[in-house]
Structures are given as C-alpha cells and as structure tokens.
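Quick note: to get the numbering used here, add 260 to the position in the sequence shown (first position is 1).
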Amino acid sequence: MTGSSVVSGLSKNECYCAPPDYSHDEDAHIMVEEWRLQSVQSPIELKHEESNAYDHFEPLEFHGHWDNEGTATFTNNGYTATLRFADREMPVLFGGPLHEDKYVFEQLHFHWSEDDHSGCEHIFEGKAFSMEAHAVHYNQKYGTFGEAVSKHDGLAVVAFFLTATDDFENECFNKLSEAVKNIVKIDSTTSVRADCLTWIKEEAQCKGYYTYQGSLTTEPYNESVTWILYPTPIHISRQQVDNFREMKSTPCEQHNIVNNVRPLQAAHPDKKLDLIYARSHKKSE
Numbered sequence: 261m262t263g264s265s266v267v268s269g270l271s272k273n274e275c276y277c278a279p280p281d282y283s284h285d286e287d288a289h290i291m292v293e294e295w296r297l298q299s300v301q302s303p304i305e306l307k308h309e310e311s312n313a314y315d316h317f318e319p320l321e322f323h324g325h326w327d328n329e330g331t332a333t334f335t336n337n338g339y340t341a342t343l344r345f346a347d348r349e350m351p352v353l354f355g356g357p358l359h360e361d362k363y364v365f366e367q368l369h370f371h372w373s374e375d376d377h378s379g380c381e382h383i384f385e386g387k388a389f390s391m392e393a394h395a396v397h398y399n400q401k402y403g404t405f406g407e408a409v410s411k412h413d414g415l416a417v418v419a420f421f422l423t424a425t426d427d428f429e430n431e432c433f434n435k436l437s438e439a440v441k442n443i444v445k446i447d448s449t450t451s452v453r454a455d456c457l458t459w460i461k462e463e464a465q466c467k468g469y470y471t472y473q474g475s476l477t478t479e480p481y482n483e484s485v486t487w488i489l490y491p492t493p494i495h496i497s498r499q500q501v502d503n504f505r506e507m508k509s510t511p512c513e514q515h516n517i518v519n520n521v522r523p524l525q526a527a528h529p530d531k532k533l534d535l536i537y538a539r540s541h542k543k544s545e
C-alpha cells in the first residue's frame, strides 16, 4: 500500500513512499483459497510441441472491440495503465474455447519491465517480448466482473505480445502510447479515442491461438481464467514502450512502474496442463 503521511526524520525532498512490491511467491497455491484451485497458476511457458492441436472449436469472435463509439479512458493505477470504455454497449467475446457463453469486455492493461527483452508474463518457445497486453472479459451470465472473478468459468483474458524495434512506429498503437504521457502521475486519467484497440485487430483475426485454463496473474490469483494467447508479436517502437516506463507508482513521484510482471509459475505435480492450439477462426466484426 502506498504511504501518504510524512515519516519522521525525512527532509522535504526525500521520498517516504514505498514503491509497490511486484514480486510474488512462486508457490502461489498457498495464497488462494483451496476451493478455488484447479492447480494451474499463470503465467506459464507456451511450447507448441506440448500443445494439443484442435480444429473443432466454433470460430472465436470479437464484436465491438474496435468500434468508434462511446468514450474511452486510460488510467495509471500505480501498477499498470488500464483502458476502459463507457457510454456504449460493451464489446463481447464468444465462440472458440468459450463455447456458447458470452464474455463482456471489462478492461485492457499492460505488463512491461525495465528492458525490451523481459516485459511479458507468458513465454513462447523460450522467447520473451517487450510487453504483454491483457484484454479482460467476464462471463455475462454472472452479471458483473466482481461476481464472475471467483467462478471457474468466470473470466476470459486475451493476451497479445508486443515487441519493440528500432525502425518501426505503430501508428495505431500511438493512440495509447501517446496518451500515457498524460497519465504519468499515479491515479491520473486521460481520455483516448474510442477506436483505440485497432492495433490488435489484425492479430485477433489470425488463424491460430493457444488456450488453457489458468489464473489471474495478480492477487488474489483466482483460477477462473480461460486464457487465449496469440503467439505472433505486434511490432511497436522502443520509444512507445519507453513511454510506459515513465509512469509513476507512488504519489511522491520518486518511483516508476517497472517489472509489473509475475514470474512463470511451476506446474502442479499432480496436474497435467491441457494446452490447446486452436486453428479454427474467422474474421470478427
């Protein structure tokens, strides 16, 4: 928790705010109520040779994610940058491993580190990327995110890798990477364009993704997540990543948000991970 009171013995210009602790006990099973455990904590390393190919899912469909409707806000909560929509019908995700259930968009946030080679949470074939974006959805049948978060089929999180390069600036991603400059201070919020997710559209329409049943990567680590991960990284510039590293994690502005990445989680000894590579897909609206 971030402190806000003056600590005795510190001068006016000294920092009395403790930066957030991004480290987590890798044996996260002890931190979750036993009845919630399916024995698969996230993130994990994805290995194609350990996955099961599956061609029989119904198409995974995105509806409304890149519409230019309503309003959108971007917020620095001291841990990450979070995007939310308002004044519109929320985007919906269904099909694929989600079957007949519809999952409503709740928010999108990012993970990154102090360098361009370790900022993602999941690892693909031994490779790490500069950032990882999580589009969080909750199962519509539970009514709200708060009700859904503890249910075994409560959440669906779509993950996208981002990789930084020297010679490419992603113009679509600029809608967010430039907005980050307006939320450097903790608890600050800025407006962004409602069509600010167009940078994920092409990757979301690709023909293959990985899926498995896992957990949240932040407390309370509920094992309520159907993960959907696209393996091909989205290219952005190094400067676009650097903009996120300028965000402050404490009110005193002495600490930046870095390394908001949970370590890889070891497989439970009594649980075999069912990692599926799905190849059935179609373009979404």
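We put the beta carbon where it would ideally sit given N, CA and C, even for glycine.
With a minimum length of 4 residues, the unbroken runs of alpha helix (DSSP H) contained wholly in the stretch 389-465 fall at 405-408, 434-437, 461-464.
Of all alpha-carbon atoms in A419, G379, S390, the one lying nearest the alpha-carbon of Q367 is that of A419. With a contact defined as Cβ atoms closer than 8 Å, S302 and T477 qualify at about 5 Å. Collapsing the DSSP output to three states places V501 in a helix.
For the pair of segments examined, the stretch 327-339 was found not to touch the stretch 388-396: the number of CB pairs separated by less than 8 Å stays below three. Between the stretch 346-356 and the stretch 320-335, the count of Cβ pairs shorter than 8 Å is three or higher; the stretches touch.
Cβ-Cβ separation between F384 and L306: approximately 5 Å, consistent with a contact (criterion under 8 Å). When Cβ pairs closer than 8 Å are counted between the two stretches, the stretch 395-402 is seen not to touch the stretch 500-510, the count staying below three.
DSSP places E506 in the coil class of the three-state scheme, outside both helix and strand. For L368, the pairing in a beta bridge is given by DSSP as L343, A395. In this structure, the beta-carbon distance from N430 to H377 does not fall below 8 Å.
Contact check for T486 against A416 passes: the beta carbons are separated by less than 8 Å. Judged by DSSP in its simplified three-state form, H382 adopts coil rather than helix or strand. For A332, the beta-bridge partners assigned by DSSP are F345, V452. If you draw a straight line from the Cα of E310 to the Cα of D427, it is about 34 Å long. Nearest to T510 by C-alpha distance, out of V300, E318, G330, T340, is T340.
Judged by DSSP in its simplified three-state form, H308 adopts helix.
Excluding its 5 nearest sequence neighbours in each direction, K532 has no C-beta neighbour in its own chain below 8 Å. Nearest neighbour of K435 by Cα position, chosen from H528, P319, A332, turns out to be A332. Rounded to whole angstroms, the gap between the alpha carbons of H308 and L320 is 20 Å. Excluding five sequence positions before and after F405, the CB atoms of its chain that fall closer than 6 Å to its own CB belong to E366, Y398, given in chain order. Annotation for Q301: no beta strand (DSSP E) segment contains it, and DSSP assigns it neither H nor E. DSSP, read as helix, strand or coil, puts G474 in strand. If you draw a 10 Å sphere on the C-beta of E438, you find fewer than 16 other C-beta atoms in it, and that means exposed. The Cβ-Cβ distance between H371 and V521 falls below 8 Å.
DSSP places A527 in no beta strand (DSSP E); its state is neither H nor E. If you ignore the 5 residues before and after E381, its C-beta comes within less than 7 Å of the C-beta of P303, H371, E392, T477, V521, R522, all in its own chain and listed in chain order. Around the beta carbon of G403, fewer than 16 other beta carbons sit within 10 angstroms, so the residue counts as exposed.
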